[in-house]
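Enquirer:
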Amino acid sequence: MNQKIYITGIGIISAIGDNVAETLDAVAKGKSGIGELDNITTRHRNEIPIGEVKHTNPELIKILGLPEDAKITRTSLLGMVAAKEAMVWAGIKDTKEFRTGIISATSVGGMSMTENYFQDFLNPEKSGDWLKYIETHDCGDSTEVIANYLGIKDHISTISTACSSSANSIMLGARLIKNGLVDRVIVGGTDSLSKFTINGFMTLMILDREQCKPFDAERKGLNLGEGAGYVVLESEQAAGGKEILCELTGYGNSNDAYHQTASSPTGEGAYLAMQKAFQVSGLKPADIDYINAHGTGTEVNDMSEGTAIERIFGNNVPRISSTKAFTGHTLGACGGIEAVLSVLAIKYNMVYPSLNHSNQMSELKFTPTKVLTTDKPINNVLSNSFGFGGNSAALIFSRH
Amino acid sequence: MEAFIKGIGIVSPQKTFNTHDFLSDVVEYNTNSLRCIEPVYTEFLNPILARRMGRTVKMGIAASSICLKDAGVEIPDAIITGTALGCHEDTEKFLLSILDNQEQFLTPTSFMQSTHNTVSSQIALQLKCMNYNFTYVHKGFSFESAVLDGLMTLADTDAKNVLVGGHDEMTDRHFNITKRAGFWKDENTPTIEIINSKTKGSVSGEGAAFFVLSNEESEKNYAKLLSVKMIFNPESEKEVETKIIELLKEKNMTPADVDCVMYGISGDVRFDDIYYNLKNSLFNESTSVYFKHLSGEFQTSSCFALWEAAMILKTQTIPPCILIGENKKKQIKNVLIYNTYMNTYHTVSLLSQC
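Protein chains in written order, with my numbering: chain L, 1 to 400; chain R, 1001 to 1354.
1) What's the C-alpha gap between I102 (chain L) and S362 (chain L)?
2) Compare the beta carbon distance of N1188 (chain R) and N255 (chain L) with 8 Å and say whether it is the shorter of the two.
3) Ordered along the chain, which non-local residues of its own chain (more than five positions away) have a Cβ less than 6 Å from that of I1337 (chain R)?
4) Taking the runs of the alpha helix (DSSP H) that are 4 residues or longer, which of them lie wholly in the stretch 279-367 of chain L?
5) Would you kindly work out how many angstroms separate the C-alpha atoms of L1099 (chain R) and V1289 (chain R), rounded to a whole number?
6) Using CA atoms only, rank isn't needed, just tell me which of L:Y348, L:L331 and L:K96 is closest to G189 (chain L).
7) The alpha helix (DSSP H) that contains E1250 (chain R), what's its start and end?
8) Which runs of the beta strand (DSSP E) spanning at least 3 residues fall entirely within the stretch 1076-1157 of chain R, listed in chain order?
9) Any beta-carbon of chain R closer than 8 Å to the one on H44 (chain L)?
10) Quick check on the burial criterion: 16 or more other C-beta atoms within 10 angstroms. Buried or exposed for S1012 (chain R)?
11) When the Cα of K370 (chain L) is compared with those of L:I378, L:L364, L:Q360 and L:T136, which residue comes out closest?
12) Can you name, in chain order, every residue of its own chain whose Cβ lies under 7 Å from the Cβ of V53 (chain L), other than the five neighbours on each side?
13) Closest to M80 (chain L) by C-alpha separation, out of L:D302, L:H137 and L:D18, would be which residue?
14) Quick check on the DSSP output: the beta strand (DSSP E) that includes S1065 (chain R) runs from which residue to which?
15) Just to confirm the assignment: which complete alpha helix (DSSP H) runs, minimum length 4, are found wholly within the stretch 184-210 of chain L?
16) Which residues, taken in chain order from the stretch 113-134 of chain L, show a beta carbon closer than 9 Å to some beta carbon of chain R?
17) Would you say D38 (chain L) lies against chain R (beta-carbon separation less than 8 Å)?
18) Could you work out which residue in R:M1230, R:V1335, R:E1235 and R:G1207 is closest to T1016 (chain R) when comparing CA atoms only?
19) Kindly indicate which residue of L:A28, L:K365 and L:I92 has the alpha-carbon position closest to the one of R319 (chain L).
20) Pop quiz: I346 (chain L) and C246 (chain L) are said to be a contact at Cβ under 8 Å. What is the actual Cβ separation, rounded to whole angstroms?
21) I need the straight-line Cα distance from Y1345 (chain R) to E1043 (chain R), nearest angstrom please.
22) For a contact meaning CB atoms closer than 8 Å, what does Q260 (chain L) contact in chain R?
23) What residues of chain R sit near N168 (chain L), judged by a beta carbon separation below 8 Å?
24) How would you label R1055 (chain R), buried or exposed, when you count the other beta carbons within 10 angstroms and need 16 or more for buried?
25) Run down chain L in chain order and give the residues with a C-beta less than 7 Å from the C-beta of D1156 (chain R).
26) So, helix, strand or coil for D1172 (chain R), using DSSP?
27) Residues in its own chain within less than 8 Å of E236 (chain L) by CB, not counting five upstream and five downstream?
28) Please state whether the Cβ-Cβ distance between N1161 (chain R) and V1212 (chain R) is less than 8 Å.
29) Cα separation between C1129 (chain R) and T1157 (chain R)?
30) Quick check: the stretch 377-386 of chain L against the stretch 339-356 of chain L, are there 3 or more CB pairs under 8 Å?
31) At the level of alpha carbons, what is the spacing between P1255 (chain R) and L1351 (chain R)?
32) With the cut-off set at 8 Å, would you say A28 (chain L) and L248 (chain L) are in Cβ contact?
33) Does the contact criterion of 3 or more C-beta pairs under 8 Å hold for the stretch 1136-1155 of chain R versus the stretch 1061-1076 of chain R?
34) Could you give the first and the last residue of the continuous alpha helix (DSSP H) run that contains F118 (chain L)?
35) What does the alpha-carbon distance come out to for the pair E125 (chain L) and E305 (chain L)?
36) Thinking just about the alpha-carbon of each residue, which of R:S1114, R:H1020 and R:M1059 is nearest to the one in D1070 (chain R)?
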């Protein structure tokens, strides 16, 4: 059980870039990807800003070098871009050399296609090659499309625990290696925007009509986003002489058991998840140099998470920011995207700014970091992800 | 990684809420879509809550409460579910209201309950259980992924009792849609004729089954779960055969040690050959049983098979309605479940007598 988990590859696509290089450039310039929505027809288009990947599906198909008429959902396409980058980064050419697996996460799977054709699916008089999208609806479809694209088949699974999904997939990957079931595993998640999600969050009335302001006293809600983020986890043996980006040293999952969609005021689930992550890693709160918070910008999350963080760190909260004001809240993908950002924080000793913050929350003592900093070594990063149903996950990334 | 099955709760198209009644009164159907016989939910849920919940959530909560009670466990150390479609009824409801009303006049309830982890989180909420909570959603691997995690959790944490379940629901709309993709039979098929069917498509099903997996020995335990394996998109039948032999070898067994094999025969002429080939070669000497004629085909149908296997081992009886041919064994010590969902997802579980 003392097996180390090495991270040897990262891949990302979101509103701030198609890959790691573009993402780094955007965060360095403090450039948010949140703006107008182009690729989905919705009556809410002008009401809410969104973190959209600025490529149409045919463009993504072209980027990936797939046949023009490929019937692949946007969730899969985004996932393929990021997972491929992670595989290339890790220098994995032969997936048969070691037992290789993939654990991907998503909240709505193929919904962005289902919602376009649902009424036609139900109408027996209509027919077309779009009937193929009946079978792409399931969450597992995107994982499988990515697995087939990358030639992975030793272990394949999909997790859906709402917005903590991909943090959980990273945790599971580490446990599969520690339990000797795989030698390396691509872990993370992907989610595309859909009318379903946009309207769902509209009815919950937790979408900010402007750019979101995580941990701000005047915060009004979250901005939705889309994208994918994956990291490659390898056992010591599989990683061989490769460049180790960092290690995954801690992980914890817990349930808030308070409400189907709202977090408890004291952040019990978040507190327990972080506590478990510290137990697994053997680190102390004082070892953490940066917290990449879940920080959605909703009234309830930031209060709950902030309280849980202060319960763990007391008056010594390290540098902390939410990167959701850059990417939007990418739901099932956010744990993967933020894992990539956490790895980069260690690689470049970098703390990202929490954009749009101007008013201190009276309930909390800490203030999020507002400007990009590179002045201090970042050796350990805590990354939080919380989801509907009280699902709470925390990960700790550490310098190798 | 092994575990005892300490408690079971199951809602299915058969009369199964009394876990210990092993198919004494089989319900025979003549249909292409089996639906569950549902319990009276007020036994498990506040009626106001129950009215707002989708069927799969209610079935999941009922099955999990029966299971925990059966195991004598109040708060499990983990709640792990597998579901291919999650809360499909709520998902459809919210999607249709978006489409029918051009994104207007929407209410959040069905959206809130549409997330795939609603069952695992509602169980946690009801029990105030803050422990590890996970939901797997990988088509024909959903349930086995959850079981594997249950075994790992018992091995790599100090957990003693974990609640693991599979659940999926069928709706009329989803049946009609997936029928267009060739999933189901056109014709109604009597339960006992499913095994002889030579047409394309299977008879659809649904259900929810929960298990307490434990590392504590007890006389009440049903069976010991020795292993679970998933084989994705095998290149040939030979690959499946090799993996089954490998799994048995890991447990110092050969096919001759398997007294009884439970096959996922679904009556779909496109996918059933592999079962008969295994039955006539590797497991020629074993007793053969099946389950999908009683549960119907669905992506987590193997949760029904796990109940059947556990009951065979515990009661040392095989109800005639699940037997293929005759029972060749006096004592059933080991049962192997082999299932495939549409020839892409192949799963193997091995259980032994306690």
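For each residue, glycine too, the CB sits at the ideal point set by N, CA and C.
A quick note: this is a predicted structure, and the numbers were derived from the prediction, not measured.
Expert: So, from the data block:
1) Each residue's Cα considered, the two are about 43 Å apart.
2) No, they are not a contact pair.
3) M1262, A1305, A1309 and S1349
4) 299-313, 324-327 and 334-347
5) Cα-Cα distance, rounded: 45 Å.
6) Residue L:L331 holds the alpha-carbon nearest to the alpha-carbon of G189 (chain L) among L:Y348, L:L331 and L:K96.
7) Run containing E1250 (chain R): E1237 to E1250, per the alpha helix (DSSP H) assignment.
8) 1078-1082 and 1132-1136
9) yes
10) By the 16-neighbour rule on beta-carbons within 10 angstroms, S1012 (chain R) is buried.
11) Out of L:I378, L:L364, L:Q360 and L:T136, L:Q360 has the C-alpha closest to the C-alpha of K370 (chain L).
12) These residues qualify, in order along the chain: I13, S14, A15, L78, E226 and G227.
13) L:D18
14) From DSSP, S1065 (chain R) is part of no beta strand (DSSP E) but of the alpha helix (DSSP H) over R1055 to A1071.
15) 195-204
16) T114, E115, F118, Q119, F121, L122, P124, S127, L131, K132 and I134
17) no
18) R:G1207
19) L:K365
20) 5 Å
21) 36 Å
22) M1112, Q1113, T1118, S1121, Q1122 and L1125
23) Here the neighbours are F1134.
24) buried
25) The contact set of D1156 (chain R) on chain L, defined by CB atoms closer than 7 Å, consists of M1, R175, K178 and N179 in chain order.
26) helix
27) Q3, K4 and Y6
28) yes
29) So the alpha carbons of these two residues sit roughly 17 Å apart.
30) yes
31) 13 Å
32) no
33) no
34) From DSSP, the alpha helix (DSSP H) with F118 (chain L) extends over M111 to F121.
35) 51 Å
36) When only C-alpha atoms are compared, the closest one is R:H1020.
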